[in-house]
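The structure appears below as structure tokens.
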Amino acid sequence: MKTFEIQNVKDTRSGFGEGLHELGKSNPRTVALCADLIGSLKMDAFKKDFPERFFQVGIAEANMMGIAAGLTIGGWIPFTGTFANFSTGRVYDQIRQSIAYSGKNVKICASHAGITLGEDGATHQILEDIGMMKMLPGMTVINPCDFNQTKAATLAIAELNGPVYLRFGRPAVPNFTDANAKFEIGKALMLSEGTDVSIFATGHLVWKAIEAGHILAKKGISAEVINIHTIKPLDVDAILNSVRKTRCVVTAEEHQMNGGLGDSVAQVLALNYPAPIEYVAVNDSFGESGTPDELMVKYGLDKSNIVDAALKAISRKA
Amino acid sequence: MIDTKPLQHTSTQVRRDVLRMVHGCKSGHPGGSLGCADFLTALYFHIMEHNTNFKMDGTNEDVFFLSNGHISPVFYSVLARSGYFPISELKTFRRLNTRLQGHPTTHEHLPGVRIASGSLGQGVSVAIGAALAKKLNNDDKIVYALMGDGEIEEGQNWEAFMYAAHNKVDNLIVTIDYNGQQIDGSTQNVMGIGEDIEAKLTAFGWKVYKMNGHSFPEIIDVMERAKRQTGHGQPIFIIMKTEMGYPIDFMMGSHKWHGVAPNDAELEKALSQLPSSLGDY
Chain A
1 MKTFEIQNVK DTRSGFGEGL HELGKSNPRT VALCADLIGS LKMDAFKKDF
51 PERFFQVGIA EANMMGIAAG LTIGGWIPFT GTFANFSTGR VYDQIRQSIA
101 YSGKNVKICA SHAGITLGED GATHQILEDI GMMKMLPGMT VINPCDFNQT
151 KAATLAIAEL NGPVYLRFGR PAVPNFTDAN AKFEIGKALM LSEGTDVSIF
201 ATGHLVWKAI EAGHILAKKG ISAEVINIHT IKPLDVDAIL NSVRKTRCVV
251 TAEEHQMNGG LGDSVAQVLA LNYPAPIEYV AVNDSFGESG TPDELMVKYG
301 LDKSNIVDAA LKAISRKA
Chain W
1 MIDTKPLQHT STQVRRDVLR MVHGCKSGHP GGSLGCADFL TALYFHIMEH
51 NTNFKMDGTN EDVFFLSNGH ISPVFYSVLA RSGYFPISEL KTFRRLNTRL
101 QGHPTTHEHL PGVRIASGSL GQGVSVAIGA ALAKKLNNDD KIVYALMGDG
151 EIEEGQNWEA FMYAAHNKVD NLIVTIDYNG QQIDGSTQNV MGIGEDIEAK
201 LTAFGWKVYK MNGHSFPEII DVMERAKRQT GHGQPIFIIM KTEMGYPIDF
251 MMGSHKWHGV APNDAELEKA LSQLPSSLGD Y
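Going down the list, the sequences are from chains A and W. Letter 228 of the first sequence, counting from 1, is numbered 228 in the working numbering, and no numbers are missing. Letter 195 of the second sequence, counting from 1, is numbered 195 in the working numbering, and no numbers are missing.
Put into structure tokens, the structure is as follows:
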């Protein structure tokens with residue numbers, strides 16, 4: 001199992017903020033909108049340096065999505081910023097009609113996704129957003145794993161002509177990917193090759209999957225760990241190439257079991273190469289208040305859950 | 001004073017198109033379409049500076065957004081009669097593989113349509129975004145939008161009203177089709193808000209005008225005044241009084257013809273009240 005050096009511990013939302021600020025300089029068609037969460041979304045630097053291209057919309061997310069759709073009609077590339085909960089479920093119909101069905105080039109940038117939002121509790125901890133967004137025809141869905149990758153993804157989505165859902169989080173997490181790596185939308189990243197089980201992880205669960213891989217290695221199990229940062233379009237070839245070798249799968253995500261990465265991978269397996277699959281995800285439940293670490297343990301999203309899931313998947317191989 | 005007779009001829013033909021379109025596919029929304037025929041005819045044939053060689057960005061031309069997408073028949077007819085696409089295509093309305101979907105969409109690339117609408121309450125926000133884009137582009141043309149009065153019950157509109165006034169989006173003219181009817185009855189019975197729209201929008205910080213949506217001289221006069229008012233720090237709102245189903249005698253006076261197509265006899269009776277002017281599709 002390959003070892004990764006932790007460069008520092010940083011929140012993914014700050015990667016978004018830095019990427020957006022860089023885009024402000026490098027792409028003069030970039031505009032940003034925020035619904036009263038500039039500090040939380042780390043949009044301060046963009047607002048300060050490009051005030052004429054920044055729009056504070058207040059606590060009015062539906063209007064924000066509509067304005068963003070309208071801005072594209074004049075050739076601008078809008079990045080909307082608010083919590084993942086208010087970026088998706090609250091405005092699903094606005095995204096569906098004014099952005100996705102209308103084919104508008106809006107980048108929906110969503111922070112505080114998942115249970116690691118922590119103490120604010122279940123009202124704010126959305127665990128259904130990947131499912132909602134991936135069901136929309138034409139929507140690209142991206143969930144990067146650390147600061148560097150979130151920054152790179154922010155830069156990359158500006159180059160894609162079409163609606164994108166970019167999901168990131170609140171807590172500081174290990175920053176370990178190459179700061180100079182170019183983000184390739186739709187291309188899964190092989191982190192460590194293995195032969196006994198494929199672990200497909202997204203977002204904050206990628207680092208947990210690496211930790212689980214090391215624990216499994218000590219047990220004599222060779223895990224292949226792949227970072228699925230783009231959930232839609234899914235890198236089907238990377239998944240199948242890995243499973244043909246390992247013949248069993250674990251998926252890991254900070255999301256409901258229903259409708260998340262795991263379901264997307266299960267669909268690929270069922271249609272192409274049936275193999276045992278175990279989900280590390282929240283099992284049809286809302287979250288609650290607590291620290292991010294406490295919640296990850298309580299809701300079964302820790303490295304030990306990935307290890308257990310891997311052992312179970314391996315035991316189910318024909 | 002301009003001669004409004006050509007506009008009258010066009011709107012009569014547009015109304016014939018509307019009735020024949022909804023009759024042809026036995027579905028659609030004739031009531032509000034008939035009510036807005038004069039306004040949209042005036043807008044596309046007299047008021048807006050627009051280019052029928054359609055470009056999505058709409059730079060350096062006036063652009064229009066239909067928020068109450070269910071009155072698609074009148075929108076499609078006016079677009080076709082303006083030259084955006086062949087008039088003969090109107091016969092495909094709501095039929096399989098058509099670009100003229102039940103509610104307007106960009107998805108099938110129909111020239112003249114810049115946003116999907118139909119799920120109500122979203123058009124004003126989109127229009128604000130397009131107006132902001134024009135300002136960023138140093139484009140001094142105007143963004144127009146039309147919404148329904150039942151539609152104003154959707155909360156997103158009030159978010160949009162708040163935003164546009166606070167941010168002085170003054171290159172935007174929103175017209176409301178104030179016909180007092182919605183699917184379940186009169187707006188006063190369903191959700192009594194109508195009589196206060198002027199006071200509410202004024203309080204929000206919009207410049208409000210009122211006009212009779214069935215008088216071309218009045219539409220032109222008010223819209224010209226509204227155009228002159230752009231660039232003065234306020235978004236502009238026009239309360240347009242119309243009659244759902246106008247001028248078909250048996251279609252006016254209630255909400256009954258909001259979303260019902262006429263049968264053969266009803267179509268014949270209705271068309272007899274609208275002498276063909278430009279030729280049917």
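Just so it is clear, CB atoms sit at the ideal spot from N, CA and C, and this is done for glycine as well.
When you compare only the Cα positions, how much space is there between residue i and residue j?
| i | j | result |
| --- | --- | --- |
| K241 of chain W | Y163 of chain W | 25 Å |
| A100 of chain A | G162 of chain A | 8 Å |
| G15 of chain A | K151 of chain A | 4 Å |
| L267 of chain W | M251 of chain W | 11 Å |
| R244 of chain A | G148 of chain W | 57 Å |
| F45 of chain W | C34 of chain A | 38 Å |
| K141 of chain W | G231 of chain W | 10 Å |
| V141 of chain A | E243 of chain W | 46 Å |
| G118 of chain A | L295 of chain A | 7 Å |
| G121 of chain A | D263 of chain A | 25 Å |
| T10 of chain W | L37 of chain A | 50 Å |
| L19 of chain W | S88 of chain W | 15 Å |
| D38 of chain W | Q182 of chain W | 20 Å |
| E214 of chain A | Q97 of chain A | The sequence shown places His at residue 214 of chain A, not Glu. If I take the Cα positions, the gap works out to 45 Å. |
| A265 of chain W | H23 of chain W | 10 Å |
| F86 of chain A | P86 of chain W | 42 Å |
| W76 of chain A | A156 of chain A | 16 Å |
| L110 of chain W | R99 of chain W | 6 Å |
Report buried or exposed for residue i, applying the criterion of at least 16 other Cβ atoms within 10 angstroms of its Cβ.
| i | result |
| --- | --- |
| P51 of chain A | exposed |
| I2 of chain W | exposed |
| D129 of chain A | buried |
| K104 of chain A | buried |
| K10 of chain A | buried |
| I173 of chain W | buried |
| R13 of chain A | buried |
| D196 of chain A | buried |
| R228 of chain W | exposed |
| G220 of chain A | exposed |
| N263 of chain W | exposed |
| S192 of chain A | buried |
| D177 of chain W | buried |
Can you give me the start and stop residues for the beta strand (DSSP E) that residue i sits inside?
| i | result |
| --- | --- |
| Y163 of chain W | Careful: Y163 of chain W lies outside any beta strand (DSSP E), inside the alpha helix (DSSP H) at G155 to H166. |
| F65 of chain W | V63 to L66 |
| V282 of chain A | I277 to V282 |
| G24 of chain A | Counting along the chain, G24 of chain A falls outside any beta strand (DSSP E), though it belongs to the alpha helix (DSSP H) covering T12 to S26. |
| Y144 of chain W | V143 to G148 |
| A172 of chain A | A172 to N175 |
| N227 of chain A | A223 to N227 |
| F200 of chain A | V197 to A201 |
| S192 of chain A | L189 to S192 |
| T140 of chain A | T140 to I142 |
| K232 of chain A | T230 to K232 |
In the DSSP assignment, the alpha helix (DSSP H) including residue i goes from what residue to what residue?
| i | result |
| --- | --- |
| N212 of chain W | Careful: N212 of chain W lies outside any alpha helix (DSSP H), inside the beta strand (DSSP E) at K207 to N212. |
| C25 of chain W | K5 to C25 |
| I176 of chain W | Here I176 of chain W belongs to no alpha helix (DSSP H); instead the beta strand (DSSP E) covers L172 to Y178. |
| E211 of chain A | L205 to K218 |
| S315 of chain A | K303 to S315 |
| T202 of chain W | I197 to F204 |
| V249 of chain A | From DSSP, V249 of chain A is part of no alpha helix (DSSP H) but of the beta strand (DSSP E) over V249 to Q256. |
| K135 of chain W | G123 to L136 |
| E266 of chain W | D264 to L271 |
With respect to 7 Å, is the separation between the Cβ of residue i and the closest non-hydrogen atom of the ligand GDP below this value?
| i | result |
| --- | --- |
| M56 of chain W | The ligand GDP is absent from the structure shown, which contains no ligand whatsoever. |
The segment 26-40 of chain W in contact with the segment 55-74 of chain W per 3-pair CB rule at 8 Å: Three or more Cβ pairs drawn from the segment 26-40 of chain W and the segment 55-74 of chain W lie within less than 8 Å of each other, which places the two stretches in contact.
Segment contact flag, the segment 274-281 of chain A with the segment 142-154 of chain A, C-beta cutoff 8 Å, min 3 pairs: no
Inter-stretch contact (C-beta, 8 Å, three-pair minimum) for the segment 157-172 of chain A and the segment 112-124 of chain A: Yes: the two stretches touch, three or more of their Cβ pairs being nearer than 8 Å.
Validate contact between the segment 163-172 of chain W and the segment 124-135 of chain W using beta carbons, cut 8 Å, 3 pairs: yes
Stretch-stretch touch, CB-based, cutoff 8 Å, three pairs: the segment 88-97 of chain A with the segment 51-62 of chain A: Enough Cβ pairs lie closer than 8 Å, so yes.
Contiguous beta strand (DSSP E) assignments of at least 3 residues, all confined to the segment 234-259 of chain W: 236-241
Segment contact flag, the segment 12-19 of chain W with the segment 271-278 of chain W, C-beta cutoff 8 Å, min 3 pairs: yes
Contact between the segment 288-296 of chain A and the segment 228-240 of chain W (3+ Cβ pairs under 8 Å): no
Contact the segment 143-158 of chain W vs the segment 101-116 of chain W: 3+ CB pairs below 8 Å: No, because fewer than three Cβ pairs between the segment 143-158 of chain W and the segment 101-116 of chain W fall closer than 8 Å, the two stretches do not touch.
4 or more residues per run - each alpha helix (DSSP H) lying fully within the segment 33-118 of chain A: 38-41, 44-49, 61-73 and 84-87
Touching by the beta-carbon criterion (3+ pairs, under 8 Å), the segment 121-137 of chain A and the segment 179-194 of chain A: Judged by Cβ distances under 8 Å, the segment 121-137 of chain A makes no contact with the segment 179-194 of chain A, as fewer than three pairs qualify.
Length at least 4, wholly inside the segment 146-172 of chain A: the alpha helix (DSSP H) runs in chain order: 147-157
Stretch-stretch touch, CB-based, cutoff 8 Å, three pairs: the segment 207-220 of chain W with the segment 130-139 of chain W: no
In chain order, each beta strand (DSSP E) run of at least 3 residues that lies wholly inside the segment 66-110 of chain W: Qualifying beta strand (DSSP E) stretches: none in this window.
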